[in-house]
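Some notes on the structure that comes next.
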Amino acid sequence: MSRLEEHIDIDAPAQKVWDRLHDVESYATFIDGVRRAYPQGADRAHLDVRAGDVEREFEAVLDDRVSDQVISWQTQGSPELKGTLSVRPLDRDHSQVQVRLEYEPAAVQNAFGGPKGMAQVHRIENTVRGDLQQFKSLVEG
3 MSRLEEHIDI
13 DAPAQKVWDR
23 LHDVESYATF
33 IDGVRRAYPQ
43 GADRAHLDVR
53 AGDVEREFEA
63 VLDDRVSDQV
73 ISWQTQGSPE
83 LKGTLSVRPL
93 DRDHSQVQVR
103 LEYEPAAVQN
113 AFGGPKGMAQ
123 VHRIENTVRG
133 DLQQFKSLVE
143 G
């Protein structure tokens, strides 16, 4: 499994950021490739994703640890993707979002095509960084 960890500081209180992360239906506005997302009960989400010319549907199981302000998630089926989103207050009006993503490079390449090796790693890193910037703009806007 490959692992990616990124973070971004946001000019907003941690609770506001946390609440926005729980708005599954807004994921399409800040996660590249997500065309539609909606909750399915308290611990699942459905995502329609497009990467290049490939469209896929994912079901993700969510583990929401409110007291720690951490959401862990894992896709059902292939490719197996899993990760965590955590919110950490920096002070009363600022917070940090941390993302950790784990994925099997060959499974991601088989599911979506695209580059292999370091080119794939760079593409995924750039996508996650862009998603974090979009999320920051959404929350701060």
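In this text, residue positions in the sequence shown follow this note's numbering: the first is 3, and each later residue adds one.
Where is the CB? At the ideal position from N, CA and C, for every residue including glycine.
Item, Value
"Could you give the distance in angstroms between the alpha-carbon of residue 36 and the alpha-carbon of residue 60?", "10 Å"
"Taking all protein chains shown into account, do 16 or more other C-beta atoms lie within 10 angstroms of the C-beta of residue 31, making it buried, or fewer, making it exposed?", "exposed"
"Measure the C-alpha to C-alpha separation of residue 105 and residue 11 and round it to an integer number of angstroms.", "24 Å"
"Can you tell me where the beta strand (DSSP E) holding residue 93 begins and where it ends?", "83–93"
"Specify whether the region 51–66 and the region 75–92 touch according to this definition: at least 3 beta carbon pairs, one from each stretch, less than 8 Å apart.", "yes"
"So what does residue 60 bridge to, in DSSP terms?", "49"
"Thinking C-beta only, is residue 141 closer than 9 Å to residue 14?", "yes"
"Where do the N-terminal and C-terminal ends of the alpha helix (DSSP H) with residue 139 fall, by residue?", "119–142"
"Helix, strand or coil for residue 44 per DSSP?", "coil"
"By a C-beta neighbour count over all protein chains shown, 10 Å radius and 16 as the cutoff for buried, is residue 85 buried or exposed?", "buried"
"Does residue 83 pass the burial test, meaning 16 or more other C-beta atoms within 10 Å, or should it be called exposed?", "buried"
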